[in-house]
Amino acid sequence: MLTDRQVRNFKKDGFFRDCKNLYLIVREEGKNRSWCFRYKSPISLKERRMGLGPYPDISLALAREKAVALRRLLLEKKDPLEERRLEELERKKTQGCTFEEVSKSYIESKFIQWKGGKDGTTCRKYQGQLSLHAYPLIGKKPIAEIEKQDILKILEPIIQKGQGKTALELRKYLKSILDYAKAHDWRDGDNPAEWKGNLDHILPNPSKIASVTPHKAIQYEKMPNFMKALMQSKGTAALAVRFAILNASRSGEARGARWEEIDLERALWTIPKERMKAGLEHFVTLSRPAIALLNEAKPLSNGAGLIFPNSRGKALSDIMLLKAVKTAGNLIDEADLTLHGLRATFRTWVGEETHYQREIAEHALSHVVGNKVERAYSRGTMEEKRRPLMEDWGRFCMGEKE
Numbered sequence: 005m006l007t008d009r010q011v012r013n014f015k016k017d018g019f020f021r022d023c024k025n026l027y028l029i030v031r032e033e034g035k036n037r038s039w040c041f042r043y044k045s046p047i048s049l050k051e052r053r054m055g056l057g058p059y060p061d062i063s064l065a066l067a068r069e070k071a072v073a074l075r076r077l078l079l080e081k082k083d084p085l086e087e088r089r090l091e092e093l094e095r096k097k098t099q100g101c102t103f104e105e106v107s108k109s110y111i112e113s114k115f116i117q118w119k120g121g122k123d124g125t126t127c128r129k130y131q132g133q134l135s136l137h138a139y140p141l142i143g144k145k146p147i148a149e150i151e152k153q154d155i156l157k158i159l160e161p162i163i164q165k166g167q168g169k170t171a172l173e174l175r176k177y178l179k180s181i182l183d184y185a186k187a188h189d190w191r192d193g194d195n196p197a198e199w200k201g202n203l204d205h206i207l208p209n210p211s212k213i214a215s216v217t218p219h220k221a222i223q224y225e226k227m228p229n230f231m232k233a234l235m236q237s238k239g240t241a242a243l244a245v246r247f248a249i250l251n252a253s254r255s256g257e258a259r260g261a262r263w264e265e266i267d268l269e270r271a272l273w274t275i276p277k278e279r280m281k282a283g284l285e286h287f288v289t290l291s292r293p294a295i296a297l298l299n300e301a302k303p304l305s306n307g308a309g310l311i312f313p314n315s316r317g318k319a320l321s322d323i324m325l326l327k328a329v330k331t332a333g334n335l336i337d338e339a340d341l342t343l344h345g346l347r348a349t350f351r352t353w354v355g356e357e358t359h360y361q362r363e364i365a366e367h368a369l370s371h372v373v374g375n376k377v378e379r380a381y382s383r384g385t386m387e388e389k390r391r392p393l394m395e396d397w398g399r400f401c402m403g404e405k406e
């Protein structure tokens, strides 16, 4: 067994055994010392390590007391790390917990059962998908407040990109985590990530999601016919798609467009930086067809708030616009089109059918061009240079001759 003096004076890095299961870990030539309880799990039968805290915050005597209590758990066929996790779950139950906390707790409770454990494919896929797609959007939200709209906010952009397999896997992950939360009484009610009788009424069929071709574009020669197909639909989503096409806008920019952003006198749409992918304010010069479409849309919201609201007065979902695109595409024998692909159609048309410079088209697409100084200098001039470009594009889309 170790003495207080030895613990204070260790300089060599390594693991030093004190009593059964209790070790002192020395690092950085004695500058960093901490206690570790090493044991064989009575559940998984694998060796595990449990940190007990740093020395001298945790004295030798206190570390031994902790080790005695943990050995008692082992005699009761309990895993000390699992017991600690359960205590943490109980604490979260009384204090409330976020989606990210519950997700990590779920993974911690399951990885022992998964092939490869913590380093296995299943565990890594869970952690990777959630970190990339879910945590940035709902990670800090209380688990009890997660709703269907939160699930759609995660899945719809993935489906829009044609990443069907990812969407299918991620939905299953979300459902499992929310089921786990309900089992621990952290939330109640139906699971918003449930597919049958819930998301299946909103999202495309899973088998079809997986076969979506990402960003498929239409040949620009077919754009006038595509616009006519969209005009056959009386739905708000089709109207929003037409507006996005006429302005070479992204789906989110069109769906979130508000009347206070529109200056009809100057024929200008100013999109605030908070709604832009690049985080920069964007100016869109409105063509005559675009202004005519806005007048057509006015009755939807009496010229106030969202230009293209859904039946509940909220913004349209990405999926609703995608459905409108696909419906119109099928009418002209163009399957699996995406709204993002239609922006590519605009770029191809500019390059092959017009004399406009590349920079003007890039500005119209709200792509970041040049450095900060160049962007500030060119903002005003590019706005005016874009005006004839967007007017020509609008006439082309509507099938108007020169």
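In our numbering, the protein residues as written are 5 to 406.
Glycine included, C-beta positions come from ideal geometry on N, C-alpha and C.
| Asked | Found |
| --- | --- |
| G57 lies in the beta strand (DSSP E); which residues open and close that run? | E51 to P58 |
| Three or more C-beta pairs closer than 8 Å, one from the segment 231 to 242 and one from the segment 278 to 287: is that the case here? | no |
| Could you check whether L26 and C40 sit closer than 9 Å to each other, using their CB atoms as the reference points? | yes |
| Once you ignore the five residues that flank S34 on each side, which residues in its own chain have a CB closer than 6 Å to its CB? | Note that residue 34 is Gly in the sequence shown, not Ser. The answer, listed in chain order, is F14 and K15. |
| Are L325 and S370 close, meaning C-beta to C-beta below 9 Å? | no |
| For the pair the segment 287 to 301 and the segment 233 to 253, tell me if three or more CB-CB distances fall below 8 Å. | yes |
| Find the nearest neighbour of K330 within the set R9, A221, L85 and F115, judged by alpha-carbon distance. | A221 |
| Which whole runs of the alpha helix (DSSP H) in the segment 252 to 286 are 4 residues long or more, in chain order? | 255 to 259 |
| Assign T358 to one of three DSSP states: helix, strand, or coil. | coil |
| What does the alpha-carbon distance come out to for the pair S107 and G239? | 38 Å |
| Taking only the alpha-carbon atoms, compute the straight-line gap between W353 and Y224 and give it to the nearest angstrom. | 6 Å |
| Using the rule of at least 16 other Cβ atoms within 10 Å of the residue's Cβ for burial, across every protein chain shown, is F400 buried or exposed? | buried |
| Identify which residue in I116, T125, I111 and L335 has its Cα closest to the Cα of M227. | L335 |
| By Cβ distance below 7 Å, which residues in the same chain neighbour R42 in space, the five residues on each side in sequence not counted? | N25, Y27, E51 and R53 |
| Start and end of the alpha helix (DSSP H) containing G18? | Counting along the chain, G18 falls outside any alpha helix (DSSP H), though it belongs to the beta strand (DSSP E) covering G18 to C23. |
| Is it a yes or a no for the segment 147 to 163 touching the segment 191 to 205, going by three-plus beta-carbon pairs under 8 Å? | yes |
| Suppose the cutoff is 8 Å on Cβ atoms and the five residues either side in sequence are ignored; what does the same chain contact list for L300 look like? | Note that residue 300 is Glu in the sequence shown, not Leu. The answer, listed in chain order, is L243. |
| Using DSSP with H/G/I as helix, E/B as strand and the rest coil, what is A301? | helix |
| Beta-carbon within less than 6 Å of Y360's beta-carbon, same chain only, minus the 5 sequence neighbours each way: which residues are those? | V354 and L393 |
| Out of R9, M5 and S38, which one is the CA nearest neighbour of D17? | S38 |
| Can you tell me where the alpha helix (DSSP H) with L290 in it begins and where it stops? | No alpha helix (DSSP H) holds L290; DSSP gives it neither H nor E. |
| Run through the DSSP bridge pairs and tell me what L26 is partnered with. | C23 and F41 |
| List the whole-angstrom C-beta distance separating A148 from L178, where the pair is believed to meet the contact cut-off of C-beta under 8 Å. | Wrong, their Cβ atoms sit about 15 Å apart, outside the cutoff. |
| Per the DSSP calculation, N36 is bridged to which residue(s)? | R31 |
| Should A71 and C127 be called a contact, given that it needs their Cβ atoms to be closer than 9 Å? | no |
| What does DSSP give as the partner residues of P313 in its beta bridges? | A319 |
| Fully enclosed by the segment 153 to 207, which alpha helix (DSSP H) runs are 4 residues long or longer? | 168 to 187 |
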